[in-house]
Amino acid sequence: MEPKQTQDKYEKITELAKRRGFFWPSYEIYGGVAGFVTFGPLGTILKRRIEDKFRDFFIRRFGMQEIESSIITPGKVFEASGHLAHFKEPLVECLKCHKRFRADHLLQEQAKMSDTETEKLSLKELETTLKEKDIHCPECHSKNFDTPKQFLTMFTTTIGPYSEATGYGRPEAAQGIFVEFKRLYEYAREKMPFGVAQIGHALRNEISPRQGLIRLREFTIMDVEYFFDPEEPCPWIKQIENETIHIIPAELKKKNIKKPIKTTIKKAMEKGYVKTPWQAFFMAQAKLFLTQLGVPPDKQRFIEKLEWEKAHYSLQSFDQEIYLDRWGWTEVSGLAYRTDYDLSRHMESSGVDMRVYKEYEKPITKERTVIKPVMAKLGPAFKKDAAKIVQLLQKINPKDAETALEKQGFIMLESFKILPDHVKISKEKIEEKGKHFIPHVVEPSFGSDRLTYITLEYAYQQKEDRTVLKLPREIAPIQIGVFPLLNRDELLKKAQKIHKKLFDAGFSVEYDDSGSVGRRYARMDEIGTPLCITIDHQTLKDKTVTIRDRDTRKQVRTSTKRLISTLHDYFHNNKRFEELGTPVK
RNA sequence: GCGGCCGUAGUCUAGCUUGGUCAGGACACCGGCUUCCCAAGCCGAGAACCCGGGUUCAAAUCCCGGCGGCCGCACCA
15 MEPKQTQDKY EKITELAKRR GFFWPSYEIY GGVAGFVTFG PLGTILKRRI
65 EDKFRDFFIR RFGMQEIESS IITPGKVFEA SGHLAHFKEP LVECLKCHKR
115 FRADHLLQEQ AKMSDTETEK LSLKELETTL KEKDIHCPEC HSKNFDTPKQ
165 FLTMFTTTIG PYSEATGYGR PEAAQGIFVE FKRLYEYARE KMPFGVAQIG
215 HALRNEISPR QGLIRLREFT IMDVEYFFDP EEPCPWIKQI ENETIHIIPA
265 ELKKKNIKKP IKTTIKKAME KGYVKTPWQA FFMAQAKLFL TQLGVPPDKQ
315 RFIEKLEWEK AHYSLQSFDQ EIYLDRWGWT EVSGLAYRTD YDLSRHMESS
365 GVDMRVYKEY EKPITKERTV IKPVMAKLGP AFKKDAAKIV QLLQKINPKD
415 AETALEKQGF IMLESFKILP DHVKISKEKI EEKGKHFIPH VVEPSFGSDR
465 LTYITLEYAY QQKEDRTVLK LPREIAPIQI GVFPLLNRDE LLKKAQKIHK
515 KLFDAGFSVE YDDSGSVGRR YARMDEIGTP LCITIDHQTL KDKTVTIRDR
565 DTRKQVRTST KRLISTLHDY FHNNKRFEEL GTPVK
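Numbering follows our numbering, in which position 143 of the first sequence is assigned residue number 157; successive positions increment by one, without gaps.
Here it is as C-alpha cells:
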C-alpha cells in the first residue's frame, strides 16, 4: 500500500522521526501521556546542536553569561513574580451545554465588575456571585453552572518531607535569572548592559497539549534576559538597522490586518512600532538565527501581542512566527520587554536592593528643596510623637510642604499639625555623582523543541521518491558516512581505518557496509548527513577517496592525507563542497 | 474538558459494515547470495490487532470505560 497522498509534512516528519530515532511520544508502553516526548539518539544530537548554535549565536557572540538554575522553585518566587496570581484561571462549566468559561470574565461582562474586583474572589465567592448576579451562559443562556474550578497551569509539588513548603515547576527559566541578579551583576563586574542566558526544562501543565513538539508540558526553553539602562542608547543597533523584518504591529492587528509590513529595523524604530531599541535589536537577531536554521525570511514574521494577550510582566511583546505546513503561522519565540517589573517585584518581596549604581561622566549639580525638623521646637511640642513625625517628614515631598506652609500656614501629617516653626525649609545644592536605578530587561525566549521541529520541516525535501533532510551542515546529527564500495576485505579494512581516523578527529561519523551503495546514500540522505565518503579500488592505488554531497549528489575525489583538514574546512570554515577536491566524472 | 474522526509488526496500511482460515501486503530492519557509485534482484528470518471489562461456543471486528492521536471550541504567562 502506498503512503497516503493526503499526508502533510507534519505526518511525514513524525513518521520519519519515529522511524529514524529523532523523537516520539513518551511512555508509549503504558499508553502514552500527552505533552511529553522522548528525543531519540538522532533527535538528541540535533536538538543539542541547535542549542549549541544558540549558545554560539547569542551567548558567545554578545558576551553573555550562561547559568543553570533549578526547575523546582519555591512558592515565594512565583508569588513575587506574579505568576501565582496570573496562572490561575477560574473556569466554570455550564451544566446544560457543557461549554466552559472563565468565571471572572462572565462577571466582568455581565455584572460589569472590574478585574480587580473579580481577582479577589475565592472559588466559593465566585460561585455565589454568579448566582447573585444572575449570570447566564453566553451560549445557551442556562443559569445552571457547575462549581468553578481553578486551573493552575503550573505543576505543583511539595519541598521536603514534612512540607508545608509548596514548590512549583518553573513555567519559564527567567525567574531563575532574576532571583540571582545580584551575584550575576557582580560577576559582570557591575557593568551594564549585560545579558544572562539559560537553557533548560520548563513545565507547563497545559490543559490539552497537542501538535507534537510544538506544545509540550515539559519542554526546553532558551531564555535570554538582557539587562540595560533604559536611558542609554543601544550601542549595537547600527549593526542591524538595515536588516529587514516582517512585522504586524498591534495597531494593524486590531484592525484585523494580517498582512505584515516589510520594513527595516531602522524604520520600525522610527515609526515607533518597537518600544525599545534593545527589543528591535533582538528581533533582528532572532530573525537571523532562524534564517541560519533554514527558515527563509519570507516565512518569518513578528506579530505584536495585544494588551490582553500579553503576559502580566510585559510592556510590549512580539511573537516570532514561522509558517508551518500544517498549522500556518506558529509561534517559535517570544520577545518581551519586561521593563524593571521582575527585579522590582523581587526587590519589594525580598527586601534586597537590586538597583545598580552608575557613575555619571561628570557630576550633576542640582538644587533641591529639603525639609528638616527643628528638634528644639518639635520635641517640646509633640513629646513622644516627635520621633514619629521625623519619620513622616522624610516621606513627604518637600516642595509640596513648602507650598502648603506658604498657603495655609501649616501641614497635616496624619493627625499632627505641623507649623512653620517646627521645620526648616531650605535649598541645598547637591552634587550627584551617579544614579541608582533598576535595570530594564528585554527577553528573547525560544523553545528548542519547537526549533527542532521547525528545522526538520524546513530541511525536509522529497526528490524522486527519496527523502532528503537538507539540514544546515553545522547541525546535522551525523556529519559523515563512510562506506566501502565493495564488500571486499581490503576495502572493508581501509574504510574502517578511515572511519576510525575521522572518529578520532572528533567528527560524528557512521560506517555502513550493508546493502548497495545507493541504499547507504539514501539512508544518510534521510537523516541529513551532508557528506559521504566512499572507498573504492582507486583508493588502494592512489590513496584518494570520493566525497559525495547530499544536496547535489555530486562527487569529488580527494586525498586521504588531507581528508581531516578538508572536512574541517567544510564543517567549520564554511568551505564550499566543490572546493573539497576534483570533480568525479 | 466538550464534540467529531481515529488507534493493526519499525513505518504506512488491508481486514471491521455482515464476529468464525495460521490477521494479508508494501517498505524498512537482520542473515545469506549478488561485487556494486545513488533505495536493483534472489533466498531466508524476526516482527502487530492501544489497555481493561462485557456480550458470545467464538471478538481486530459488536458494546462500555480508560489511555493516546488529529481537527474544531476553550486554554496557551
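Each residue gets a CB set at the ideal place from its N, CA and C atoms; glycine is no exception.
Note that the coordinates shown come from a computational prediction; the quantities given were computed from them, not determined experimentally.
Cβ-Cβ separation, residue j to residue i (assumed contact under 8 Å), whole Å
| i | j | result |
| --- | --- | --- |
| Met-297 | Ile-259 | 6 Å |
| Glu-442 | Arg-382 | 6 Å |
| Ile-173 | Gly-183 | About 12 Å; that fails the 8 Å criterion. |
| Phe-585 | Gln-493 | 6 Å |
| Val-238 | Gly-214 | In fact, because the Cβ distance is near 13 Å, the residues do not count as touching under 8 Å. |
| Val-496 | Phe-241 | No, Val-496 and Phe-241 are not in contact; Cβ-Cβ is about 48 Å, not under 8 Å. |
| Phe-53 | Tyr-41 | Not confirmed; about 14 Å, so no contact. |
Spatially closest choice to residue i from the options, by CA coordinates
| i | options | result |
| --- | --- | --- |
| Lys-506 | His-551, Lys-126, Ala-125, Arg-533 | A small fix is needed here, since residue 506 is Leu in this sequence, not Lys. Here the closest residue by C-alpha is His-551. |
| Phe-591 | Thr-566, Lys-319, Gly-57, Ile-85 | Thr-566 |
| Asp-333 | Trp-343, Tyr-327, Ser-530 | Trp-343 |
| Tyr-355 | His-97, Trp-322, Gly-348 | His-97 |
| Lys-614 | Asp-556, Gly-77, His-100 | For residue 614 there is no data in the structure shown, the boundaries of the chain being 15 and 599. |
| Pro-88 | Pro-544, Lys-272, Met-168, Ser-156 | Met-168 |
| Ala-48 | Phe-233, Ala-294, Asp-414, Glu-318 | Phe-233 |
| Lys-138 | Asp-160, Lys-126, Gln-212 | Asp-160 |
| Glu-246 | Met-236, Thr-481, Trp-292 | Trp-292 |
| Trp-38 | Asp-526, Gln-189, Thr-28 | Thr-28 |
| Lys-319 | Val-370, Ile-262, Ile-549 | Ile-262 |
| Gly-190 | Ala-99, Val-91, Met-368, Gln-330 | Val-91 |
| Pro-491 | Leu-545, Gln-510, Gln-225, Lys-289 | Leu-545 |
| Ser-429 | Ile-410, Ile-403, Pro-412, Gly-45 | Ile-403 |
Range covered by the beta strand (DSSP E) that runs through residue i
| i | result |
| --- | --- |
| Leu-166 | 163-166 |
| Gln-334 | 330-338 |
| Phe-37 | 37-39 |
| Thr-417 | Looking at the DSSP string, Thr-417 is not in any beta strand (DSSP E); the run it does join, the alpha helix (DSSP H), is 412-422. |
| Val-523 | 523-525 |
| His-260 | 258-262 |
| Phe-53 | 51-53 |
| Arg-562 | 558-563 |
| Leu-217 | 208-217 |
Residue i - DSSP class collapsed to helix/strand/coil
| i | result |
| --- | --- |
| Tyr-287 | coil |
| Val-309 | coil |
| Ala-350 | strand |
| Leu-433 | coil |
| His-551 | helix |
| Lys-438 | strand |
| Glu-16 | Legend: pLDDT at Glu-16 = 35, less than 50; position of this residue unreliable, no value from coordinates given. |
| Leu-485 | coil |
| Arg-229 | coil |
| Val-598 | coil |
| Thr-58 | helix |
| Glu-593 | helix |
| His-360 | helix |
| Ser-222 | coil |
| Tyr-201 | helix |
For residue i, the first and last residue of its enclosing alpha helix (DSSP H)
| i | result |
| --- | --- |
| Thr-466 | 462-473 |
| His-97 | 97-100 |
| Ala-179 | Ala-179 -> no alpha helix (DSSP H), and no H or E assigned at all. |
| Glu-141 | 137-146 |
| Arg-34 | 23-34 |
| Gly-529 | Neither: Gly-529 is in no alpha helix (DSSP H) and is coded neither H nor E. |
| His-582 | 577-586 |
Cβ neighbours of residue i in the same chain (closer than 6 Å, five flanking residues each side left out)
| i | result |
| --- | --- |
| Ile-439 | Ile-385, Glu-416 |
| Arg-315 | His-260, Pro-274, Glu-335 |
| Met-236 | Phe-68, Ile-213, Phe-460, Ser-462 |
| Cys-248 | Pro-291, Trp-292, Phe-295 |
| Ala-117 | Pro-104, Val-106, Leu-140, Pro-162 |
| Glu-93 | none |
Contact set for residue i: own chain, Cβ-Cβ below 7 Å, skip 5 residues either direction
| i | result |
| --- | --- |
| Lys-23 | Asp-339, Arg-340, Glu-471, Tyr-474 |
| Phe-424 | Lys-431, Ile-432, Leu-433 |
| Met-368 | Phe-195, Lys-196, Leu-357, His-360, Met-361, Ile-452 |
| Trp-250 | Phe-295 |
Nonlocal neighbours in the same chain, by C-beta distance under 8 Å from residue i, ignoring five residues either side
| i | result |
| --- | --- |
| Thr-553 | Leu-505, Lys-508, Val-559, Thr-574 |
| Tyr-201 | Gln-79 |
| Ser-371 | Reading the sequence as shown, one finds Tyr at residue 371 and not Ser. The residues are Glu-204, Gly-448, Lys-449, His-450. |
| Gln-19 | Because the pLDDT at Gln-19 is just 44, under 50, the model does not fix this residue reliably, and the point stays unresolved. |
| Asp-503 | none |
| Ile-444 | Thr-379, Lys-380, Glu-381, Arg-382 |
Cβ-heavy atom distance, residue i to the ligand GTP, below 7 Å
| i | result |
| --- | --- |
| Lys-102 | Because no ligand of any kind appears in the structure shown, any question about the ligand GTP cannot be addressed here. |
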